Amino acid sequence: MIICIGAGPGDVGYLTQRGVDLIRNADVVAGFEAVLNVVRSVVPATAEVVTMGYRDQIEKLEQVAAAHHAGKRCVVVFMGDIHFSGFQYLERVERACGHPVETLPGISSAQILASRAKVCFDETSFITFHRRGDLTPFKRHLVHVLNDGRNAIVIPCPWDAARSFMPPHIATYLLENGIPPEHPTEVWENLTRNEAEWHGTLAECAHKEFSDMSIMLIRTLRPMSSQIEPAEAK
Ligand SMILES: C[S@@+](CC[C@H](N)C(=O)[O-])C[C@H]1O[C@@H](n2cnc3c(N)ncnc32)[C@H](O)[C@@H]1O
1401 MIICIGAGPG DVGYLTQRGV DLIRNADVVA GFEAVLNVVR SVVPATAEVV TMGYRDQIEK
1461 LEQVAAAHHA GKRCVVVFMG DIHFSGFQYL ERVERACGHP VETLPGISSA QILASRAKVC
1521 FDETSFITFH RRGDLTPFKR HLVHVLNDGR NAIVIPCPWD AARSFMPPHI ATYLLENGIP
1581 PEHPTEVWEN LTRNEAEWHG TLAECAHKEF SDMSIMLIRT LRPMSSQIEP AEAK
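What follows is the structure in structure tokens.
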């Protein structure tokens, strides 16, 4: 048996009770070191812990898949929620296993941000740049989201200089693509741990630096509720 579970955004208090039960009963618990550290206090002493990094994840996932095929209860832990900015890793797990695997949702950094910043999901789009492959369609989509009067919650890309697309790069790209500089913008770091928050405009964000563990909110200038005609609002 194998299941992928969302570990929550950093503090173990945000791991779901179902996630705790699955980890407590696991023979094998696998994941990236930073994510394993989130759940470490609930991993049983009897479990084999498989720690992986970007370079060895394929071999390590094959090791976990072999344990799963041998009948062991395996859990692969993901940062936050699997279903936001986690699918490329999920695909690697499924490729190693040779079949689709079950997922257990977790609490995403996007949900904590929405709660801290009081932003309504219904009027917000979620975009991640923390992904392999061409970012261009996702950049264009972000421009459309803001032009459509929606908020955007954005996970930046913290990788090497060639690919890095962090909040100042995102803000600069949006300004170059005609998005007004006065959009209220927030960047939240290390949510549920040593939190830091920054509030300003898109123009100001273009000149700020943030750590890798950051998530961005760009608020619309035209809240969707104010776009509803009085007759429609009834
Ligand atoms: C591969 S994405 C995974 C996101 C995760 N699936 C989620 O639902 O939050 C990793 C990025 O998410 C953002 N992130 C994750 N946890 C965070 C936190 N506690 N505070 C701020 N940003 C966070 C950071 O930008 C980090 O580099």
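Residue numbers (the working numbering): 1401 to 1634.
C-beta: ideal position from N, C-alpha, C; glycine also.
Since this is a predicted model, take the numbers as computed values, not measurements.
Not one heavy atom of ligand 1 lies closer than 6 Å to the C-beta of residue 1580. Classified as buried, residue 1620 has 16 or more neighbouring CB atoms from the shown chains inside 10 Å of its CB. In terms of side-chain proximity, the C-beta atom of residue 1591 is found nearer than 6 Å to a non-hydrogen atom of ligand 1. Short of 7 Å from the beta carbon of residue 1418, and not among the five residues preceding or following it, lie these beta carbons of its own chain, in chain order: 1504.
Within the same chain, 1513, 1551, 1553, 1617, 1619 come within 8 Å of residue 1519 by CB-CB distance, once the 5 residues on both sides are set aside. When only Cα atoms are considered, residue 1449 and residue 1487 end up about 22 Å apart. Checking the 6 Å criterion, the Cβ of residue 1616 is out of range of every heavy atom belonging to ligand 1. Taking the Cβ of residue 1484 as the reference point, at least one heavy atom of ligand 1 falls within a distance shorter than 6 Å. With respect to residue 1480, residue 1525 sits apart: the two C-beta atoms are not nearer than 7 Å. The alpha-carbon of residue 1547 is positioned some 8 Å away from that of residue 1579. If you draw a straight line from the Cα of residue 1416 to the Cα of residue 1604, it comes to about 37 Å.
At least one heavy atom of ligand 1 is found less than 6 Å from the C-beta of residue 1555.
Checking the 6 Å criterion, the Cβ of residue 1567 is out of range of every heavy atom belonging to ligand 1. Contact annotation: residue 1408 and residue 1506 have beta-carbon atoms nearer than 7 Å. In terms of side-chain proximity, the C-beta atom of residue 1481 is found nearer than 6 Å to a non-hydrogen atom of ligand 1.
In chain order, 1485, 1555 place their CB closer than 6 Å to the CB of residue 1528, counting only its own chain and leaving out the 5 sequence neighbours on each side. One alpha carbon belongs to residue 1570, the other to residue 1563, and they sit about 12 Å apart.
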